[in-house]
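K.L.:
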Amino acid sequence: MSHITQAKRIVIKVGTSTLTYETGRLNLRRMEELCKVLCGLKNEGREIILVTSGAVGVGMGKLGLHKRPEEIEQRQAVAAVGQCELMFMYDKFFGEYNHIVAQVLLTKDVVQNTIMRRNAENTFLTLLQLGSIPVVNENDS
């Protein structure tokens, strides 16, 4: 029996290329299939944490940009647009299977600071105890 079939908590990381077409538009079919599979695992009693990338790529697609912004302000603005779209779709697809998602945006500072990291860990544990699926991304904005 593989370890994944015995795991109580499963952390899944999906990258931009998994979630989007080359244009930056969301691949809704793939995203929906991912959510369906994760909901199946959740329904088996597993705790699910989804780590996602894609905010900048999705924001570029939504804004019609063909080149990744080089300036930090532009990249942050594009990420803010993309993050809204990502979470909207995760909420929609997980909601179709009666599961609740929670957005968790982390920064390097949170991970490196002991107190902030402990607060984030407690938030994760509470979200899991409440039965939600944390959707984690780097806070690019």
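With the sequence shown counted from 1, adding 1370 to any position gets you my numbering. Positions of the beta carbon are idealized from the N, C-alpha and C atoms, including for glycine. Treat the numbers as computed from the prediction; the structure is a model and nothing was measured.
Note down, one range per segment and in chain order, each alpha helix (DSSP H) of at least 4 residues found wholly within the region 1385-1472.
P.N.:
You should have 1386-1389, 1398-1413, 1425-1433, 1442-1465.
K.L.:
Could you tell me which residues DSSP pairs with K1514 in its beta bridges?
P.N.:
It is not possible to answer for residue 1514, since the shown part of the chain is limited to 1371 through 1511.
K.L.:
How many angstroms separate the CA atom of V1381 from the CA atom of G1410?
P.N.:
For V1381 and G1410, the distance between alpha carbons rounds to 14 Å.
K.L.:
Please report the straight-line C-alpha distance between C1454 and T1375, rounded to a whole angstrom.
P.N.:
C-alpha separation (whole angstroms): 33 Å.
K.L.:
Under the three-state reduction of DSSP, which class applies to N1507: helix, strand or coil?
P.N.:
In this structure, N1507 counts as strand in the three-state DSSP scheme.
K.L.:
Excluding the 5 residues preceding and the 5 following V1384 in the sequence, name in chain order all residues of the same chain whose CB lies nearer than 6 Å to its CB.
P.N.:
So the list reads T1422, once near-sequence residues are dropped.
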